[in-house]
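**Student:**
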Ligand code: AMP
Ligand code: MG
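Numbering (our numbering), first residue to last: 9 to 329.
1) Please classify residue 176 as buried or exposed, where buried requires at least 16 other C-beta atoms within 10 Å of its C-beta.
2) Just grab the DSSP bridge partners of residue 159 for me.
3) Starting from the Cα of residue 240, find the closest Cα among 209, 232, 199 and give me that residue.
4) Please confirm whether residue 70 and residue 171 have their CB atoms less than 7 Å apart.
5) Under 6 Å: does the beta carbon of residue 173 sit that close to some heavy atom of ligand 2?
6) Between the alpha carbons of residue 32 and residue 231, how many angstroms are there, rounded?
7) Among 62, 111, 128, 264, which one has its Cα closest to the Cα of residue 304?
8) My output table needs one value for residue 178: the three-state DSSP class, helix, strand or coil.
9) Out of curiosity, what's the CA-to-CA distance linking residue 103 and residue 264?
10) Sorry if obvious, but does the Cβ on residue 38 come closer than 6 Å to a heavy atom of ligand 1?
11) Could you check which residue in 118, 66, 158 has the C-alpha nearest to that of residue 147?
12) Using the DSSP secondary-structure output, state which residues sit across from residue 232 in a beta bridge.
Below, the structure written as structure tokens:
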């Protein structure tokens with residue numbers, strides 16, 4: 009992974025027989041985009057379709073809102089009996105539990121045991137009594153995985169899971185994998201706050217901006233990037249404000265309420281599944297604990313906008329300045 013913090017001026021003349029292709033579409037409750045260079049129009053058209061199909065496939069599998077998804081089946085049945093699941097679901101659940109342990113429970117897909125009672129569009133939230141009662145069921149230790157049977161079982165009758173903090177990253181990685189398998193060298197794939205770039209954009213680095221958390225028309229920084237994933241978690245994505253309090257979609261597992269230490273967290277990592285899980289985790293952990301964790305990791309960088317709107321960057325970026 010390379011992050012160029014200073015602006016690099018490149019003196020190349022760009023000449024190639026290849027063309028650039030881009031396509032945007034709606035999936036997983038957000039906007040997705042793919043952009044890449046190919047010397048074959050036919051291959052490009054096939055890949056655009058493959059990428060869109062792949063994101064839709066993952067949505068069908070992992071959406072908490074689709075009754076027929078594998079995730080919904082788990083939520084309905086896994087307390088009464090072990091549910092046999094796909095290898096893909098199994099590995100994502102395993103990865104989620106790894107992150108729960110690594111972040112001392114800040115990342116916890118059972119947040120949904122309370123989280124499902126929030127409806128950000130309808131400005132609805134759980135009553136205090138429901139929150140207090142169901143908060144006890146936010147506990148990743150209630151998820152029991154059996155690798156031999158590729159099955160999952162819940163140990164608590166109120167456990168619910170939601171992969172919203174990691175599934176888009178997984179989808180971006182899958183789509184980059186498809187492009188790489190077909191010989192594509194220069195590409196960008198994005199789903200909501202999760203993006204990954206390979207190669208270059210017309211012999212220059214890719215530029216991805218981090219938006220101002222309180223003004224969608226403003227960028228805080230525009231980062232030149234190469235061979236990296238970048239994920240931003242922000243309290244402006246899905247929220248409502250009631251009595252001057254912002255209720256948004258990232259839940260602190262300790263309280264069952266929205267995490268309010270920061271406005272946004274951006275993570276740079278070598279793949280999107282890690283960047284996605286970490287951006288949600290560090291958002292919950294806040295500046296001090298979050299940066300401490302990031303600074304222990306190699307090849308992971310963070311840019312945090314705290315509750316006062318101040319930007320804090322990880323040690324590797326400070327040293328790169
Ligand atoms: P992101 O935008 O990637 O940070 O993901 C936000 C989504 O992650 C939310 O919409 C929820 O689906 C999910 N989520 C919220 N709180 C947590 C948490 N504490 N741990 C794991 N996932 C969470
Ligand atoms: Mg995330």
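Even glycine gets a Cβ: it sits at the ideal position worked out from N, Cα and C. From a predicted model like this one, the values you see are computed outputs, not experimental measurements.
**Tutor:** Taking the structure as given:
1) Along the chain shown, one-based indexing puts residue 176 at 168. Residue 176 is buried by the Cβ-count criterion.
2) One-based indexing of the chain shown puts residue 159 at position 151. Answer is 92, 154, bridged to residue 159.
3) On the chain shown, position 232 is the one that residue 240 refers to. Taking only the C-alpha atoms, the option nearest residue 240 is 199.
4) Counting from one through the chain shown, the residue named residue 70 turns up at place 62. Counting from one through the chain shown, the residue named residue 171 turns up at place 163. Taking a C-beta distance under 7 Å as the contact criterion, residue 70 and residue 171 qualify as a contact pair.
5) In the chain shown, counting from the first residue as 1, residue 173 sits at position 165. Yes, ligand 2 has a heavy atom inside 6 Å of this Cβ.
6) Position 24 of the chain shown, counted from the start, is the residue given in the question as residue 32. Position 223 of the chain shown, counted from the start, is the residue given in the question as residue 231. Cα atoms of residue 32 and residue 231: separation of roughly 22 Å, rounded to the nearest angstrom.
7) Position 296 of the chain shown holds residue 304. Closest in C-alpha terms to residue 304, from the list 62, 111, 128, 264, comes 111.
8) On the chain shown, residue 178 is found 170 positions in, with the first residue counted as 1. If DSSP states are grouped into helix, strand and coil, residue 178 belongs with the helices.
9) Counting from one through the chain shown, the residue named residue 103 turns up at place 95. Counting from one through the chain shown, the residue named residue 264 turns up at place 256. The straight-line gap from Cα to Cα measures roughly 22 Å.
10) Taking the first residue of the chain shown as position 1, residue 38 is located at position 30. Residue 38 Cβ: outside cutoff for every heavy atom of ligand 1.
11) Taking the first residue of the chain shown as position 1, residue 147 is located at position 139. Of 118, 66, 158, the residue nearest in Cα terms is 118.
12) For the purposes of this step, residue 232 is taken as the residue at position 224 of the chain shown. Partner(s): 215.
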